[in-house]
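Okay, so here's the structure we're looking at.
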Amino acid sequence: MTAPANANRCEPCVIIVFGATGDLAKRKIFPALHALHRRGFLHPATPIVGVSRRPMSDAELLASVHIGEGEGDADGLRAFAQSVRCIVFDHTEATLPGFVAAVDELASERGAGAARAAYFALPADAFEPTAALLVKGGFFHDDGWRRLCFEKPFGHDLASARELNAKITRHFDESSIYRIDHYLGKELVRNLMVMRFANPLFGQIWNSEFIDHVQVTIAETLGAEGRAGYYEKAGAVRDMLQNHLMHVLALAAMEAPKALDADSVRDAMVEVLRKMVPPVRGDFVLGQFGPGEVGGKPVPGYREEPGVDPSSLTETFVAVRACIDNPRWQGVPFFLRTGKRMGKKLAEANIVLRAQPGCLFRADRAVEGEPGPNVISIRIQPNEGISVEFTVKAPGEGLRLETAVMEHCHHCVYGLNTAEAYEILLHEFLVGDQTLFTRWDFVEASWRWVDALTAARGCEAAAFPNYVAGTSGPAEAEALLGDGRDWLVSRDILS
Ligand code: BG6
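Printed below as a string of structure tokens:
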């Protein structure tokens with residue numbers, strides 16, 4: 052059954068997923084492509100090629116993909132299966148002509164034309180050799196567009212990212228390069244711009260006059276999950292801070308872009324990073340989890356996880372105070388933290404407002420309770436939404452103060468079935484909109500700042516492990532906030 056044409060339908064092309072047998076492709080990319088197919092967003096002439104290094108049939112590839120129960124009817128699944136083809140390619144010059152010919156043949160059989168969308172779900176060191184091979188083999192055609200989507204991390208530090216970028220841009224323009232960070236596809240991350248720039252309620256107070264500080268937390272309950280080979284080299288700083296946290300920070304802190312086109316938005320985002328003061332010792336806390344309990348179940352420490360060096364010095368937690376040296380944010384610290392094996396999985400930004408000057412209620416003995424801070428919370432996940440905490444009078448005699456919460460429950464209004472981040476981003480990739488993809492200058496500026504943190508590391512790791520799995524991280528992370536502040540978790544009143 053062919054899905055009805057709709058306004059979001061992409062032009063025909065061949066979608067090629069390198070690394071099709073990897074975890075990311077199975078868990079995220081193919082399910083997202085299936086969702087786009089089901090919604091009629093993929094042109095019926097568009098084949099999806101999964102590239103496998105080892106012999107594998109179309110059916111085996113499809114069987115390995117995680118498409119959940121109830122996601123699409125049998126006809127839809129059959130139609131999706133018909134558009135998926137597994138092509139074996141061992142990434143060598145010897146087999147290159149055969150691979151290119153097989154893709155071209157498939158394209159002409161389906162009427163897909165000359166456009167090619169290549170997704171590199173590969174380790175970063177395989178990006179350039181694979182891209183160079185494709186150029187050499189005549190994989191891309193002059194009469195069709197070419198787009199390449201690269202998974203994070205893009206490089207390991209500033210020097211390696213520069214080297215990688217220089218090699219890739221020898222063959223491709225920035226306009227063909229899509230560096231993906233799936234946090235930019237999350238609904239509430241995308242909402243930040245609308246919230247700030249469409250509402251005077253928020254827009255007018257979004258500056259150092261009213262905001263005391265900002266916290267962004269991405270906490271996970273999982274550990275290294277069989278990815279020790281990658282994670283041992285990355286750690287929380289490279290895996291999460293350099294990309295997901297920096298993007299949320301940039302969207303929360305940027306000036307209004309001149310317009311909504313990809314370059315204007317990305318200009319505004321990178322400008323924030325350029326004004327970030329390089330972190331020094333004392334601006335950050337690193338941690339690594341030891342054994343503990345998560346969700347009532349015992350879990351091993353990081354060093355006991357499969358594939359992890361038993362004396363590993365890799366951090367699984369980082370909290371950092373970031374300062375932005377521009378007029379809007381003078382004196383307003385941004386606290387960013389992320390960790391594995393913490394007590395609860397959540398991602399949110401909390402904007403904490405300054406206290407009302409000379410507050411009438413604070414010093415008065417007749418008043419029970421104290422006015423709490425106004426906090427604007429953007430809950431990225433779970434239970435997506437935006438809430439505002441403020442002080443009210445509790446009913447009854449006397450004057451008792453309490454905290455109330457105004458809530459926009461995004462998931463109650465729009466349901467839990469809104470598109471997944473990868474689905475949004477793959478669609479943007481296929482229609483050629485780069486707004487939600489990381490431009491090179493952002494990658495460069497984020498590595499520059501992260502490299503300063505890395506260079507400022509001392510012997511923190513000697514104290515690893517320094518937090519118990521299932522907790523909120525090392526105790527020192529509390530002290531980082533200073534001035535009597537606490538790490539906040541939004542009050543999710545509806546769930
Ligand atoms: C990935 C990291 O980019 O993001 C993982 O490599 C992490 O280590 C994941 O678990 C978190 O994504 P999400 O969407 O579950 O918050």
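FYI, the working numbering numbers position 436 of the sequence shown as 487, with every residue one higher than the one before it.
Each residue gets a CB set at the ideal place from its N, CA and C atoms; glycine is no exception.
Small disclaimer: the values here were computed from a predicted structure and weren't measured.
In terms of side-chain proximity, the C-beta atom of Asn517 is found no nearer than 8 Å to any non-hydrogen atom of the ligand BG6. The beta carbon of Phe480 lies closer than 7 Å to those of Ala168, Arg198, Cys200 and Tyr229 in the same chain, with the five residues before and after it left out.
In the structure shown, the three-state DSSP call for Pro378 is helix. By DSSP's assignment, Met457 forms a beta bridge with Val439.
The Cβ neighbour count for Glu448, taken over all protein chains shown within 10 Å, is under 16; the residue is labelled exposed.
Between Pro525 and Leu235, the CB-CB gap reaches or exceeds 9 Å.
Residue range Lys348 to Val350 is occupied by the beta strand (DSSP E) that includes Pro349. Per DSSP, reduced to three states, the secondary structure at Phe493 is helical. Counting every other CB atom within 10 Å of its CB across the protein chains shown gives Gln293 a total of 16 or more, marking it as buried. In the three-state reduction of the DSSP assignment, Phe480 falls in the helix class.
In terms of side-chain proximity, the C-beta atom of Glu238 is found no nearer than 8 Å to any non-hydrogen atom of the ligand BG6. Distances from the CB of Asn250 to the heavy atoms of the ligand BG6 are all 8 Å or more. Taking non-hydrogen atoms of the ligand BG6 into account, the C-beta of Lys203 is found less than 8 Å away from one of them.
Around the CB of Arg451, fewer than 16 other CB atoms lie within 10 Å, so the residue is classed as exposed. Within a 10 Å sphere around the beta-carbon of Pro446 sit fewer than 16 other beta-carbons, which makes this residue exposed. From the listed residues Phe335, Thr489, Arg90 and Val439, the smallest Cα separation to Arg60 is found for Arg90. Three or more Cβ pairs drawn from the region 372-383 and the region 295-307 lie within less than 8 Å of each other, which places the two stretches in contact. Around the beta carbon of Tyr518, 16 or more other beta carbons sit within 10 angstroms, so the residue counts as buried.
The Cβ atoms of Ala177 and Phe261 lie no closer than 9 Å to each other. Under the three-pair Cβ rule at 8 Å, the region 313-325 counts as touching the region 483-500. The region 217-231 and the region 257-275 do not touch, with fewer than 3 CB-CB distances between them shorter than 8 Å. Non-local C-beta neighbours of Glu511 in its own chain, meaning closer than 7 Å and more than five positions away in sequence, comprise Leu337, ordered along the chain.
Proximity of the beta carbon of Asp74 to the ligand BG6 is not indicated: no heavy atom of the ligand is located closer than 8 Å.
Just so you know, the alpha carbons of Gln485 and Leu84 end up roughly 18 Å apart. A residue is called buried once 16 or more other Cβ atoms fall within 10 Å of its Cβ, and Arg78, having fewer, is exposed.
Here DSSP, grouped into helix, strand and coil, assigns Thr72 to coil.
Counting only runs that start and end inside the region 192-232, the beta strand (DSSP E) elements of at least 3 residues fall at 197-201 and 228-230. Per the coordinates, the alpha-carbon of His233 lies some 30 Å from the alpha-carbon of Arg332.
Nearest neighbour of Asp193 by Cα position, chosen from Lys203, Ala165, Ala175 and Lys187, turns out to be Ala165.
Approximately 5 Å separates the beta-carbon atoms of Glu356 and Ala275; this is inside 8 Å, confirming the contact.
DSSP, read as helix, strand or coil, puts Phe340 in strand. Beta-bridge partners assigned by DSSP to Leu300: none are found. Per DSSP, the unbroken beta strand (DSSP E) holding Asp263 starts and ends at Ile262 to Ala270. The Cβ neighbour count for Leu93, taken over all protein chains shown within 10 Å, is at least 16; the residue is labelled buried. Annotation: Ala513 to Gly521 spans about 21 Å, alpha carbon to alpha carbon. Around the Cβ of Tyr465, a 10 Å sphere holds fewer than 16 other Cβ atoms; the residue is exposed.
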